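Quick notes on the structure that follows.
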Amino acid sequence: MFYDNEMTLSFRAISSNEAFARVSVAAFALQLDPAVSEITEIKTAVSEAVTNSIIHAYDNGDGIVHIWCGCAGNKLYIEISDNGKGIENIETAMEPLFTTKPEQERSGLGFTIMQSFMNNIEVSSELGRGTKVTMEKSIGE
Amino acid sequence: MSVGFKTLNNCLIVEIDGEIDHHFVDNVKKSIDSQAVQKGYSNIIFDFKNVDFMDSAGIGMIIGRYKFTKKNGGITSVACLSDNLKRIMMVSGLYRIIKIYNTVEEATKAV
Chain A
1 MFYDNEMTLS
11 FRAISSNEAF
21 ARVSVAAFAL
31 QLDPAVSEIT
41 EIKTAVSEAV
51 TNSIIHAYDN
61 GDGIVHIWCG
71 CAGNKLYIEI
81 SDNGKGIENI
91 ETAMEPLFTT
101 KPEQERSGLG
111 FTIMQSFMNN
121 IEVSSELGRG
131 TKVTMEKSIG
141 E
Chain B
142 MSVGFKTLNN
152 CLIVEIDGEI
162 DHHFVDNVKK
172 SIDSQAVQKG
182 YSNIIFDFKN
192 VDFMDSAGIG
202 MIIGRYKFTK
212 KNGGITSVAC
222 LSDNLKRIMM
232 VSGLYRIIKI
242 YNTVEEATKA
252 V
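Note that the protein sequences, when read in sequence, are chains A and B. Take 1 as the starting number for the first sequence in this note's numbering and just add one per residue. Take 142 as the starting number for the second sequence in this note's numbering and just add one per residue.
Following this line, the structure appears as structure tokens:
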């Protein structure tokens with residue numbers, strides 16, 4: 001597929017980088033002239049995926065989170081990946097309110113919010129190898 | 142990002158300034174609980190007038206305080222939400238158990 005523009009970003013899996021990640025993707029999305037509400041939706045979805053990598057994939061330990069963004073026409077494509085422990089059962093992980101960390105007051109709504117705010121989301125994962133979340137959003141529709 | 146505390150009509154008012162994400166929540170939830178315990182308040186009202194972003198970590202923070210106040214016979218509510226925050230409350234279904242008010246004064250009067 002041909003993209004009008006692309007960018008990649010890699011950063012340490014530490015919580016202070018959550019804001020950096022969502023603001024960077026939002027800045028990339030600006031070339032599609034999104035509404036303020038669309039920017040907020042993109043920022044929220046990115047924040048959820050990056051937080052999942054930090055908390056679940058790397059268990060707040062060492063690791064790198066990778067982001068790739070592309071745009072074509074009015075569509076924004078985002079891939080957020082890690083090389084963490086992977087998800088055992090993706091279907092279960094995506095169920096609303098499901099969390100493996102209730103003691104940390106995790107709401108279990110990360111995937112629900114990503115699904116609500118983006119047009120399409122796909123998750124692939126391999127135990128011990130990592131997880132990739134692919135999201136797509138049409139701007140201005 | 143910062144958090145401040147006020148008291149009004151037997152309620153602990155938690156004033157948050159900034160973006161609420163996992164990074165922020167991990168740093169503030171214990172201080173909210175300790176303020177409530179130290180000051181002896183069983184009701185917590187979040188003042189979100191200076192919050193323009195919140196993800197599901199904020200939902201977890203509010204649910205955690207809801208459980209905390211409920212255990213102590215109090216309530217947790219939220220005030221001054223932007224449209225973005227209202228949408229997160231709706232998508233999460235949190236509005237079913239946490240009341241939303243236009244102002245902090247309205248929220249304290251309802252306690």
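For each residue, glycine too, the CB sits at the ideal point set by N, CA and C. Since the model is a prediction, treat every value here as computed from it, not as a measurement.
DSSP state of residue i mapped onto helix, strand, coil
i	result
A72/A	strand
M1/A	coil
A251/B	coil
S125/A	strand
S47/A	helix
I238/B	coil
K85/A	coil
N168/B	helix
A35/A	coil
T244/B	coil
I80/A	strand
F98/A	coil
I161/B	strand
S53/A	helix
I42/A	helix
R206/B	helix
E7/A	The displayed chain sequence assigns Met, not Glu, to residue 7/A. Correct three-state label for M7/A: strand.
A220/B	strand
R142/B	The amino acid at residue 142/B is misidentified as Arg; the sequence shows Met. DSSP places M142/B in coil when its eight states are reduced to three.
Cβ-Cβ distance between residue i and residue j below 8 Å
i	j	result
G145/B	E160/B	no
S125/A	I87/A	yes
I113/A	A45/A	yes
A19/A	D162/B	yes
E48/A	I204/B	no
D193/B	N243/B	no
V25/A	C69/A	yes
Alpha-carbon to alpha-carbon, residue j and residue i
i	j	result
V166/B	S172/B	10 Å
V147/A	E79/A	Only positions 1 to 141 of chain A appear in the structure, and residue 147/A is not among them; the question remains open.
T134/A	S223/B	28 Å
F2/A	E103/A	44 Å
Y182/B	I238/B	20 Å
V169/B	D196/B	15 Å
G130/A	N52/A	12 Å
L109/A	I67/A	21 Å
F209/B	I185/B	9 Å
D33/A	L149/B	43 Å
D59/A	S15/A	11 Å
A35/A	I139/A	8 Å
M231/B	I241/B	11 Å
N5/A	M142/B	33 Å
I200/B	D188/B	14 Å
A220/B	A251/B	12 Å
T100/A	A93/A	9 Å
I90/A	K137/A	21 Å
Q145/A	K43/A	Look at the range of chain A in this structure, 1 to 141, and you will see that residue 145/A is not part of it.
E246/B	C152/B	11 Å
I154/B	E95/A	33 Å
K75/A	A177/B	46 Å
Contacts that residue i makes with chain A (C-beta to C-beta distance below 7 Å)
i	result
V144/B	Going along chain A, no residue has its Cβ under 7 Å from V144/B, so there is no contact; the nearest lies around 16 Å.
Beta-carbon neighbours of residue i, restricted to chain A and to distances below 8 Å
i	result
S218/B	Ordered by position in chain A, no residue passes the 8 Å Cβ test against S218/B, which lies about 18 Å from the chain.
I157/B	Per Cβ cutoff of 8 Å: no residues; I157/B is ~15 Å from chain A at best.
N213/B	By Cβ distance, chain A contributes nothing, its closest Cβ being about 17 Å from N213/B, past 8 Å.
Neighbouring residues, chain B, relative to residue i (Cβ below 9 Å)
i	result
S24/A	Near S24/A there are no residues of chain B at all, since even the closest Cβ is about 14 Å away, more than 9 Å.
I113/A	D196, S197, I200, I229, V232, S233
G73/A	Correct list: empty, because the minimum Cβ distance to chain B is about 26 Å.
Neighbour list for residue i in chain B, Cβ cutoff strictly below 7 Å
i	result
E48/A	D196, S197
8 Å Cβ cut-off: residues of chain B touching residue i
i	result
A19/A	E160, D162, H164
K85/A	Chain B residues near K85/A: none, gap ~18 Å exceeds 8 Å.
G140/A	Chain B residues near G140/A: none, gap ~18 Å exceeds 8 Å.
Under 9 Å from the C-beta of residue i: neighbouring residues of chain A
i	result
I204/B	E105, S107
N150/B	In chain order: nothing, as chain A lies at least about 27 Å away.
Check: residue i C-beta below 7 Å from any heavy atom of the ligand ZN
i	result
G205/B	No copy of the ligand ZN occurs in the structure displayed, which carries no ligand at all.
| Contact set between the stretch 166-179 of chain B and chain A, restricted to residues whose Cβ is under 8 Å from the partner | V166, D167, K170
| task | Could you run through the stretch 28-55 of chain A and flag, in chain order, every residue whose CB is less than 8 Å away from some CB of chain B? | result | S37, T40, K43, T44, S47, E48, T51, I54, I55
| Chain-ordered residues of the stretch 230-251 of chain B with a beta carbon less than 7 Å from chain A | V232, S233
| task | Could you please tell me which residues of the stretch 180-191 of chain B, in chain order, have their CB closer than 9 Å to any CB of chain A? | result | none
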